[in-house]
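Reading through the structure tokens given below for one structure.
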Amino acid sequence: MRPDNVAGTWRPMLWWTAFSRSWTPWLPVNVVVVEHDEGVLLVDTGQSPASMEPGYHPGGVLGWAYRRQADFDVDAADHLPARLGGIGLSLGDVDTVVLTHLHQDHAGNIGLLPHARVLVSADELALLEEKQPAAHGVMPQHVAPASVTFTPVVPAPLPASLGPFTTGTDLYDDGTLVLLPTPGHSRGSQSLLVRRPHAEPLLVVGDLTYDPALLADERVPGTGATAQQRASTRAVNELLAAEPGLRIVAAHDPGAAALVAGAGS
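Anchor point for the sequence shown: position 13 equals 682 in this note's numbering, and the numbering is continuous, going up by one each time.
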């Protein structure tokens, strides 16, 4: 991934896409499994190995931009079925999927889960109806197969505010899993607040940030709507102040797995 992708600078996106010669170290594509009394919930589905095959990305200028901004290396051991198997689960055990957004490194394996309830922001689903979804980072042929039925998520007033968040979606009406709107990286990006007994709460933020250490300075990724990303970042910072012990789980943070493990179960 290009460094400007992780933390935006003064350089316009088209400039660094075209001229950057630097890459970050390899970064993970994290997914999160939550075991709830109502079933197994998966946050994002990760990158498909098919992304390394010729023809996966669009043609023309758009495909060039995709390939210039990020590269992927997904081997069999890191594919979603193998990772679930490593913790004693199978694809069939997943009851619900929350997609933070519809980019292919988050929704690229959704076709493996046609039986699951799939929750996506209604604003994000609207991108599928755009004339050129790929111009918004969304490739319908990879993230919206006909075998999958999406459930649109429309934030509603919460019974009690969560810091600055007055709207969201309490998935099981028990306060343990609450979807919060955090748009900016994509139009309908959403984050999941996970509250567990005897453990620190987690906020799974997708690509709101690639490095939680950047949040305090409101340094946001170099792709997306910058002003909206900063507004969502400010909201998350307020939530951090309001929720003692809250930990941020970012989709491409190398420290996320250790952080979640350290937070207990």
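For glycine and all other residues, C-beta sits at the position ideal for the given N, C-alpha and C.
Here R888 carries a coil assignment [DSSP, helix/strand/coil]. In this structure, T678 places its C-beta atom within 8 Å of the C-beta atom of G891. If you draw a straight line from the Cα of A795 to the Cα of V812, it comes to about 13 Å. For Q716, the three-state secondary structure derived from DSSP is coil. Around the beta carbon of E793, 16 or more other beta carbons lie within 10 angstroms, which makes this residue buried.
Rounded to whole angstroms, the gap between the alpha carbons of V863 and T693 is 29 Å.
For G837, there is no enclosing alpha helix (DSSP H); the enclosing beta strand (DSSP E) has its first and last residue at F834 to D839.
Of the other Cβ atoms in all chains shown, 16 or more fall within 10 Å of the Cβ of R888; this residue is therefore buried.
Rounded to whole angstroms, the gap between the alpha carbons of P913 and A904 is 15 Å. Assignment of S860 by DSSP, reduced to helix, strand and coil, places it in the strand class. Secondary structure of S689 (DSSP, three-state): coil. Take S717, set aside five residues on each side of it, and the residues of its chain with a beta-carbon closer than 6 Å to its own are G777 and N778, in chain order. Between the C-alpha atoms of Y735 and M721 there is a straight-line separation of about 12 Å. Boundaries of the beta strand (DSSP E) harbouring E704: V701 to H705, taken from the DSSP string. Taking a C-beta distance under 8 Å as the contact criterion, L884 and T902 qualify as a contact pair. Under DSSP, S790 takes part in a beta bridge, and its partners are V822. Here the alpha carbons of V698 and L758 stand approximately 19 Å from one another.
Looking at the DSSP output, G708 shares a beta bridge with H705.
Collapsing the DSSP output to three states places P750 in a helix. Between H805 and S855, the C-beta spacing is below 8 Å. For a cut-off of 8 Å, the C-beta gap from A920 to T765 is around 18 Å, too long to register as a contact.
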